[in-house]
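In terms of my numbering, the sequence shown opens at residue 148 and continues consecutively.
This report concerns only the one structure given below.
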Amino acid sequence: MRYSAAPATESAMLDDIVKETMSATPPAPAAAPASAMAEESTAAPMMASEPDAMSVPEDSQTALNDEERSEVEGIIRNYLIANPEIIRDAISELQRQEDAAAQQQQVSMIGDNKKLIFSSSRQVVLGNPKGDVTLVEFFDYNCGYCRRAHADMKQLIAEDPNLRVVLKEFPILGDGSVQAAQIAVAVLLTSPDKYPAFHDELISEKGAVDGDKALAVAQDIGLDPAVLRAKADSDEVKANINEVRDLAQKLDLTGTPSYVTASAVVVGAVGYDNLKAEIAKAREACKQAANC
Numbered sequence: 148m149r150y151s152a153a154p155a156t157e158s159a160m161l162d163d164i165v166k167e168t169m170s171a172t173p174p175a176p177a178a179a180p181a182s183a184m185a186e187e188s189t190a191a192p193m194m195a196s197e198p199d200a201m202s203v204p205e206d207s208q209t210a211l212n213d214e215e216r217s218e219v220e221g222i223i224r225n226y227l228i229a230n231p232e233i234i235r236d237a238i239s240e241l242q243r244q245e246d247a248a249a250q251q252q253q254v255s256m257i258g259d260n261k262k263l264i265f266s267s268s269r270q271v272v273l274g275n276p277k278g279d280v281t282l283v284e285f286f287d288y289n290c291g292y293c294r295r296a297h298a299d300m301k302q303l304i305a306e307d308p309n310l311r312v313v314l315k316e317f318p319i320l321g322d323g324s325v326q327a328a329q330i331a332v333a334v335l336l337t338s339p340d341k342y343p344a345f346h347d348e349l350i351s352e353k354g355a356v357d358g359d360k361a362l363a364v365a366q367d368i369g370l371d372p373a374v375l376r377a378k379a380d381s382d383e384v385k386a387n388i389n390e391v392r393d394l395a396q397k398l399d400l401t402g403t404p405s406y407v408t409a410s411a412v413v414v415g416a417v418g419y420d421n422l423k424a425e426i427a428k429a430r431e432a433c434k435q436a437a438n439c
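See the structure below:
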């Protein structure tokens, strides 16, 4: 049972639950024992000439009258008041089922979009380009959690020689994030060998990041800001960022960092140990699928 909006009071909530419970069709009467059916069959000829006064309307066998319904509603209401944890458990179970369905939908979307997720020509690849498992990160340069998670990513790459990491620019935290992402993609397009150093420095910056900050970082590593500024307005850069946004929408990603493997979507800075565990699961899944 789902509520589109919370009832105004706990009493109203109970009333809604009771009414919805009572709206279900009552079960059909249980079948009579075989012996009773035999006796009824034997007595049938004797009853054939009797008036039909003993017959009971079908509706009265399955439907409750107003008085009976009110009585049952009272029983249910009193039971729920005496055992309120039932409501909590029901809501928790509903949430669990909805989360499971959402996760299954995300896994399905991974399969449907595996080429763009794992093998897009517009993406950045770190670690081992020919690794046996891929971890994709959607990030924003202004995301504090992304900055903290950067150390986890570096450690995973350093410790796992067969890990392939894909970075996807997903600027969702304002105009400054969009500007920084545009400069980052411009770096990728003009000097791909410099991108890892650029990314490492920019994602480690303190405070707000925008286009000017990104250009300053690019200049620090020997790139020409004028060239990057011109490239940042190109259709190629727009196509890169739009591709990532479209993927994020299909995968129902609304925050950063978000990670995608062959077998799951992981949202949030979950930490080194959890990422390592997800990589292990994905590595196992890769043995049976082609999502890697």
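For each residue, glycine too, the CB sits at the ideal point set by N, CA and C.
Proximity to residue i [Cα-Cα], best of the options
i       : options                               : result
Gly-291 : Ile-319, Arg-224 and Asp-380          : Ile-319
Cys-433 : Phe-345, Ile-223, Val-254 and Asp-279 : Asp-279
Ser-101 : Lys-378, Gln-252, Thr-337 and Asp-287 : Beyond the ends of the chain as shown, which are 148 and 439, falls residue 101; an answer cannot be given.
Thr-403 : Gln-251, Val-313 and Phe-285          : Phe-285
Tyr-342 : Gln-251, Gly-369 and Gly-418          : Gly-369
Pro-308 : Met-300, Arg-224 and Ile-257          : Met-300
Glu-383 : Ala-247, Val-312, Ala-331 and Ile-257 : Ala-331
Ile-304 : Ala-327, Glu-220 and Val-283          : Val-283
Ala-409 : Ser-324, Glu-240, Leu-310 and Arg-243 : Leu-310
Val-412 : Leu-241, Gln-250 and Pro-276          : Gln-250
Lys-423 : Glu-218, Ala-296, Lys-261 and Ile-233 : Ala-296
Cys-293 : Arg-430, Asn-421, Val-417 and Glu-431 : Val-417
Asn-289 : Glu-316, Gln-302, Val-271 and Val-272 : Glu-316
Own chain residues within Cβ distance below 8 angstroms of residue i, not counting five before or after
i       : result
Glu-390 : Leu-263, Ser-267 and Arg-269
Asp-380 : Gln-329
Thr-337 : Leu-370, Val-374, Leu-375 and Lys-378
Asp-322 : Asp-357
Asn-260 : Leu-394, Lys-397 and Leu-398
Asp-367 : Glu-348
Ser-255 : none
Spatial distance of residue i from residue j (CA atoms)
i       : j       : result
Thr-401 : Ile-426 : 22 angstroms
Lys-428 : Ile-228 : 44 angstroms
Ala-298 : Ile-223 : 54 angstroms
Val-313 : Val-414 : 16 angstroms
Lys-245 : Gln-396 : The sequence given here places Glu at residue 245; Lys does not occur at that position. When rounded, the distance between both Cα atoms is 18 angstroms.
Glu-306 : Tyr-419 : 11 angstroms
Gln-242 : Tyr-226 : 23 angstroms
Leu-349 : Lys-385 : 20 angstroms
Asp-213 : Glu-431 : 59 angstroms
Ala-327 : Ala-355 : 10 angstroms
Val-271 : Asp-340 : 10 angstroms
Ala-210 : Arg-392 : 53 angstroms
Lys-277 : Glu-240 : 42 angstroms
Pro-231 : Ile-238 : 11 angstroms
Lys-353 : Ala-248 : 38 angstroms
Glu-218 : Asp-236 : 25 angstroms
Burial state of residue i, where buried means 16 or more other Cβ atoms lie within 10 Å
i       : result
Ala-333 : buried
Gly-274 : buried
Leu-362 : buried
Ile-388 : buried
Ile-257 : buried
Tyr-406 : buried
Ser-324 : buried
Short CB-CB distance (under 8 angstroms) between residue i and chain D
i       : result
Asn-421 : Absent from the structure is chain D; it holds one protein chain and no more.
Rounded distance between the beta-carbons of residue j and residue i, thought under 8 angstroms
i       : j       : result
Leu-398 : Gln-253 : 6 angstroms
7 angstroms Cβ shell around residue i - same chain, five flanking residues per side excluded
i       : result
Ala-365 : Ile-330, Val-334, Phe-345, Pro-372 and Leu-375
Gln-302 : Tyr-419
Sequence-distant residues of its chain with Cβ nearer than 6 angstroms to residue i (five each side left out)
i       : result
Lys-360 : none
Phe-265 : Thr-281
Ile-234 : none
Asn-421 : none
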